[in-house]
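Following: one structure in structure tokens, then a few remarks.
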Amino acid sequence: MASRIEHRATFPHGVADVLAAQSGEDALRARLAEIGGKNATLKDHTVTGDGVRYTLLQGVPAEKLPQAVRTIHKGDLVVQREHTWSGSGERYTGTIKAHVSGVPGEITARTELTADGGGSVQRTTGEVKVRIPFVGGKLEGFIAEQVTSLLETEARFTAQWLAREH
143 MASRIEHRAT
153 FPHGVADVLA
163 AQSGEDALRA
173 RLAEIGGKNA
183 TLKDHTVTGD
193 GVRYTLLQGV
203 PAEKLPQAVR
213 TIHKGDLVVQ
223 REHTWSGSGE
233 RYTGTIKAHV
243 SGVPGEITAR
253 TELTADGGGS
263 VQRTTGEVKV
273 RIPFVGGKLE
283 GFIAEQVTSL
293 LETEARFTAQ
303 WLAREH
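Sequential numbering of the sequence shown, starting at 143, is according to my numbering.
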């Protein structure tokens with residue numbers, strides 16, 4: 143059984159500007175410095191013919207983890223997130239794959255950034271799967287909540303970045 147992730151964010155800027163604010167190397171480094179967690183780093187960043195691909199590493203200190211997680215994993219968690227974006231003009235689509243160190247399972251999501259009136263809208267849907275008997279469902283729910291909260295925080299950062307840049 144998997145836990146669902148759903149998030150929607152709107153921006154008063156066009157698709158190209160929002161994409162750059164979410165996936166540009168400078169924007170990613172600034173976002174990680176501000177909200178990335180323990181030892182957050184941009185592992186790689188590649189501009190492709192029709193988009194961008196990058197990997198983020200973000201740490202979650204052990205003391206911020208719920209007891210259920212601390213019983214199966216000792217120490218800090220490291221989350222590796224692989225993002226891809228492709229498209230053109232008024233529509234970009236992307237995938238996100240994340241793995242949490244020491245937790246058997248994965249987080250997968252699809253995201254779409256499209257024009258919406260004079261601005262743009264980003265929709266993200268995905269799921270969390272944790273393959274641990276008895277506690278997997280509880281962990282999935284916790285991780286899904288944390289991912290949704292992170293997506294909201296990242297959307298606020300993107301809005302602030304765009305306000306500074308424009």
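Positions of the beta carbon are idealized from the N, C-alpha and C atoms, including for glycine.
So the candidates are the options; which of them puts its Cα closest to the Cα of residue i?
i	options	result
THR197	ARG265, VAL220 and THR290	VAL220
VAL189	GLY201, LEU199, GLN200 and ASP168	ASP168
THR213	SER228, LEU281 and ASP258	LEU281
THR267	ALA162, GLY236 and MET143	GLY236
PHE284	TRP303, LEU199, VAL242 and ARG265	VAL242
GLU248	LEU292, ARG273, ASP218 and HIS225	ARG273
GLY260	VAL202, LYS206, GLY156 and SER228	GLY156
LEU293	ALA210, ARG223, SER228 and ALA158	ARG223
GLU254	TRP227, HIS187 and GLU307	TRP227
HIS308	ILE147, ALA158 and ARG146	ALA158
LEU304	PRO154, SER145 and ALA144	PRO154
With burial defined as no fewer than 16 other Cβ atoms inside 10 Å of the residue's Cβ, what is the status of residue i: buried or exposed?
i	result
PHE276	exposed
THR300	buried
ARG150	exposed
ALA175	exposed
ARG346	In this structure the chain extends from 143 to 308, so residue 346 is not present and cannot be described.
CA-CA distance, residue i and residue j?
i	j	result
GLN164	HIS215	31 Å
GLY193	ASP258	20 Å
PRO246	LEU199	17 Å
PRO208	LEU184	26 Å
ARG309	ALA144	Outside the shown range of the chain (143 to 308) lies residue 309, about which nothing can therefore be said.
LYS206	VAL160	31 Å
THR290	GLN264	13 Å
ALA210	ALA204	12 Å
Please check the pair residue i and residue j, which I expect to be a contact at CB under 8 Å, by giving their CB distance rounded to whole angstroms.
i	j	result
VAL270	ILE147	7 Å
Next on the checklist: I'd like the ranges of any beta strand (DSSP E) spanning at least 3 consecutive residues and lying wholly in the stretch 254-281.
Outcome noted: Whole beta strand (DSSP E) segments, 3+ residues: 261-272.
Checklist entry - Whole beta strand (DSSP E) runs in the stretch 163-229 with 3 or more residues, listed along the chain? => result 180-190 and 193-202
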